[in-house]
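Number of protein chains: 2
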Amino acid sequence: MEPVFPFSLTLPVRGDGTVMHALHRQLRSAILDGRLPADSPLPATRQAAAALGVARNTVIAAYDLLIAEGYALPRRAAKAVVADVAARRPAKPQPLAQNFRDPRLNANLRKPFLGPTAPADLPERSFRVGVPEHRYFPHDVWRRLSAQSLRVWAKKGFGYPPSEGVAELRDAIAQHVAFARAVACTRDDVVVTSGAQQAFDLLARLLVTPGKTRVAVEEPGYPPLRAAFAAAGARLVPLPVDDEGLRVDRLPRDVRVISVTPSHQSPTGVALSLRRRAALLEFARKHDATIIEDDYDGEFRFGARPLDALQTLDREARVFYVGTFSKSLFPSLRTGFVVAPRWAREALIGVKQCADSHCDAAAQSALAAFMRDGHLVRHVRRMQPIYAARRKTLLEGLRRDLGRWLQPIPSEAGLHLAARIRDPQRAADIIAKAKRYAPGVQSIAEYSLAPLEQPGLSFGYGVIDADDIPAMLSRLRRALER
Amino acid sequence: MEPVFPFSLTLPVRGDGTVMHALHRQLRSAILDGRLPADSPLPATRQAAAALGVARNTVIAAYDLLIAEGYALPRRAAKAVVADVAARRPAKPQPLAQNFRDPRLNANLRKPFLGPTAPADLPERSFRVGVPEHRYFPHDVWRRLSAQSLRVWAKKGFGYPPSEGVAELRDAIAQHVAFARAVACTRDDVVVTSGAQQAFDLLARLLVTPGKTRVAVEEPGYPPLRAAFAAAGARLVPLPVDDEGLRVDRLPRDVRVISVTPSHQSPTGVALSLRRRAALLEFARKHDATIIEDDYDGEFRFGARPLDALQTLDREARVFYVGTFSKSLFPSLRTGFVVAPRWAREALIGVKQCADSHCDAAAQSALAAFMRDGHLVRHVRRMQPIYAARRKTLLEGLRRDLGRWLQPIPSEAGLHLAARIRDPQRAADIIAKAKRYAPGVQSIAEYSLAPLEQPGLSFGYGVIDADDIPAMLSRLRRALER
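Taken in order, these protein sequences are the chains called A and B. Per our numbering: the first sequence ends with 469, consecutive numbering throughout. Per our numbering: the second sequence ends with 469, consecutive numbering throughout.
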């Protein structure tokens, strides 16, 4: 028997309209990409139904939908024909990508160095850095609150929510950071952003006079933040990091913005010591500088009482505190925030308006309800011992199996742990083997602008089980012993 | 009887844990804002239960939750006391807002002129411009697909979705614009953005060399687009608009980027004529310029066949086509897109990465499913006659009641209709009365940089019923006759 369609179709077996929709979709695709050419008649419904093993009414309904949408044209007393969709899609000569150096592009544009990306073949469970655990997340609660929020928004009428974020979410964030991090603020100090990355980008545009403003960044440090400041025309000043965090004593006087990860330095994991915190605030006071405090994974703490946030210690409204829910909840939520000093608030909201008007309103309300009902606190509390156990196993394994090559860097927070490579001469070999036998591991060099004196590795424990860690580390040990 | 709490509490009557959560939330707020001071004992559970008329176990459970979260401290054989949360929130002297001129801010920063905002007391049903109808939106379908999408994402594990957008949504967008607007593209040409505003902002950063690149904008034109280009350091060249759209003949040779709303000029509503389209593409070819085609509400058409999109006519990959779902679906969804020429694709994705990494992944999947299942096409088709009826009634009313003062500007698409004020001398009075008696109406002058020769008004019909239009227009007539 001659096939009725010049391509194969895959249809489900259920009879609740799913078959009709599947047929409709596949025919529409075929029309759009030219497999069913313009003006060709659609196969007779009876033959098509027989060939596909579906009811004739199903085929009729799918054809009707195609006609209603203009993909096919009805013909009186004849078969419907395919509409001339293909003719409306002219072939277009497309020059190849010229990357970032095309003369039509912004001459200051540089390919942003956004840091290491996870290899495509990385297994789901690995030492991947920067991704939290999804297995224990209360997905059902999240789904219920999202639906609830959409139900409320459905009744409200469409409109443009405030650029700074919906009030209920700013309230919830203010309470959360006040309680969890002793960051003193009210909803009026909070601006909701599309993840921490947008916070960095908005702050760069807010604080950097292109070509002029010098901005201190940690070296090694978080590449996407550097990329945002570089894109804004900042003159970057990389400052080294030691076991007490950022070398504040190395700050040149003309630095106007200082970006720092005091809770858990990215990537080394060290905490900025209390005396360095005081020195940093004193520098800012003396030189009229502002500080960006990036607290990206400080919710997860494994030591004693955390050191006070810079925002908490600051008496002069010099600190922009940036937080995110990418680690405490999940990254694709894309929700972060800035607690901004009052003097910069109006301008920051103006920059946000320019950038993308506002964040999705229903998603903000859902997150507000999630926090208000205590689910964030509960989730963080639930994950705390799970991450703590992984961290402990990892630390023990690093000492037991890999102590000859690696020295763990003291750290009391976050979702990754870094270790220095004892013999820099062997760094290349150790990094290559670590990447092979402990997939997901990152080289600290991937976070730095210049070659590092102290090479190291960073192990994430967001998506690896404690039980799997020892075997992976001893596999790496055997490889290094070879 | 002495009140047990120094403030009033409002509790629901149901007994399924809601009471406990309500009590817990209100106590937590009281602790955070100091109404329950640090170290003060929590009232005895028995008295509190009696005073509030709830079960004692409810009070015990609420206290336990406070203790578990650290808001209260257990005391052996005594009442729990309030934790020292208040002490962790130091009072902070906050200088007043310095707006956009603080020396610590980017010296090039200007307060962005983002155009007219709707007054806070605007009734829900009005001539408001730029907001679509929510009453006929398939909220239930949207909710179902959102939940479905979250269910799929819950199984996938957390991660960072691609900056250019998830593949299924880029596929759906490519099919949609190919079919609806004959814009030739595949998923590889589409970059998903956080609304059209982010598209403008990313394109400004992509194409403008600060202080150098001259960018032609429509005058009058859409202020938020101008704001994004101004923020990126563009030298704006306002070009007048007449009944054939942008005055292409007035383009200075050194303009490198031209931004235009060819389907439905914002705000006048005119369409760019075919010969102007050809002239614009010819200008771009001759002077190596690029074009930004903003097709913000072109889905809704009331005339004959629409003119081809610039992107469709373009044979040299000079057009960036910007679309949005803010009008065809709803604004707070925050989803727009750019169909970009290949030579600029990699750089555009780089700018998006810098700006905010990516858009919310689950929301993108939900929108993709909504489009794939035909709901977007169906919704647009459903709204078409509704908007058409409103537009017809509005046009008739403008001619019948207001013809002495206003002359409607020919227009065949979109969700608003503009009219010229016949006697510019009376413009101020007419605009004031229109704003009072036809709330939501905007003055075209609010879209322009310089005083306009031809003042006018813009009437939105997204959130007004056809039946209500005649009464409002005759009310305005009576006011103008006075």
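For every residue, glycine included, the Cβ atom is placed at its ideal position computed from N, Cα and C. Note that the coordinates shown come from a computational prediction; the quantities given were computed from them, not determined experimentally.
- Residue-level contact by beta carbon fails for residue 392 of chain A and chain B, as no gap is shorter than 8 Å.
- Residue 226 of chain A carries a strand assignment under DSSP once its states are collapsed to helix, strand and coil.
- DSSP lists A:400 as the bridge partner or partners of residue 288 of chain A.
- Of the candidates B:439, B:311 and B:428, the residue whose Cα lies closest to the Cα of residue 110 of chain B is B:428.
- Taking 8 Å as the upper bound for CB-CB distance, residue 224 of chain A and residue 201 of chain A are in contact here, some 5 Å apart.
- The beta-carbon of residue 208 of chain A is placed no less than 8 Å from the nearest beta-carbon of chain B.
- Residue 147 of chain A belongs to the set of residues whose beta carbon lies under 8 Å from a beta carbon in chain B.
- The Cβ of residue 362 of chain A sits no closer than 8 Å to any Cβ of chain B.
- Counting only Cβ-Cβ distances below 8 Å, residue 366 of chain A has no contacts in chain B at all, with the closest Cβ about 12 Å away.
- At a cut-off of 8 Å between C-beta atoms, residue 194 of chain B counts as an interface residue with respect to chain A.
- If you ignore the 5 residues before and after residue 320 of chain A, its C-beta comes within less than 6 Å of the C-beta of 312, all in its own chain and listed in chain order.
- In the three-state DSSP reduction, residue 205 of chain B falls in the strand class (E or B).
- DSSP places residue 335 of chain B in the uninterrupted alpha helix (DSSP H) bounded by 329 to 343.
- Taking the Cβ atoms as the reference, residue 404 of chain B lies roughly 29 Å from residue 357 of chain B, outside the contact range of under 8 Å.
- One thing to note: residue 145 of chain B has its Cβ within 8 Å of the Cβ of residue 317 of chain A.
- Listed in chain order, the positions of the segment 258 to 286 of chain A with a beta carbon within less than 9 Å of a beta carbon of chain B are 275, 276 and 277.
- Rounded to the nearest angstrom, the gap between the Cα atoms of residue 180 of chain B and residue 324 of chain B is 5 Å.
- The beta-bridge partner set that DSSP reports for residue 462 of chain B is empty.
- At least 8 Å separates the CB of residue 106 of chain A from every CB of chain B.
- Excluding its 5 nearest sequence neighbours in each direction, residue 466 of chain B has C-beta neighbours in its own chain below 6 Å: 420 and 424, listed in chain order.
- Residue-level contact by beta carbon holds for residue 126 of chain B and chain A, with a gap shorter than 8 Å.
- Between residue 50 of chain B and residue 15 of chain B, the beta carbon gap of about 11 Å keeps them out of contact (Cβ cut-off 8 Å).
- Residue 280 of chain A: member of the beta strand (DSSP E) spanning 277 to 281, first to last residue.
- Taking 8 Å as the CB threshold, residue 87 of chain B lines the interface with chain A.
- DSSP links residue 384 of chain B through a beta bridge to no other residue.
- Within chain A, the residues whose beta carbon sits less than 9 Å from that of residue 188 of chain B are 341, 342 and 343, listed in sequence order.
- For residue 199 of chain B and residue 221 of chain B, the gap between their C-alpha atoms comes out near 7 Å.
- Put simply, the segment 188 to 195 of chain A does not touch the segment 164 to 171 of chain A. Fewer than three CB pairs are less than 8 Å apart.
- Residue 393 of chain B and residue 468 of chain B have their C-alpha atoms roughly 13 Å apart.
- Residue 113 of chain A and residue 69 of chain A do not touch by the CB rule: their CB atoms are close to 48 Å apart, not below 8 Å.
- 8 Å or more divides the Cβ of residue 263 of chain A from the Cβ of residue 285 of chain A.
- Among the residues facing chain A, residue 347 of chain B is included, as its CB has a counterpart in that chain under 8 Å away.
- Using a Cβ distance threshold of 8 Å, residue 370 of chain A and residue 289 of chain A do not count as a contacting pair.
- Against chain A, the beta carbon of residue 319 of chain B has neighbours under 8 Å at 140, 145, 146, 147, 148, 345, 347, 348 and 349, listed in chain order.
- Straight-line measurement puts the Cα of residue 441 of chain B at about 7 Å from the Cα of residue 411 of chain B.
- The contact set of residue 133 of chain B on chain A, defined by CB atoms closer than 8 Å, consists of 133, 134 and 137 in chain order.
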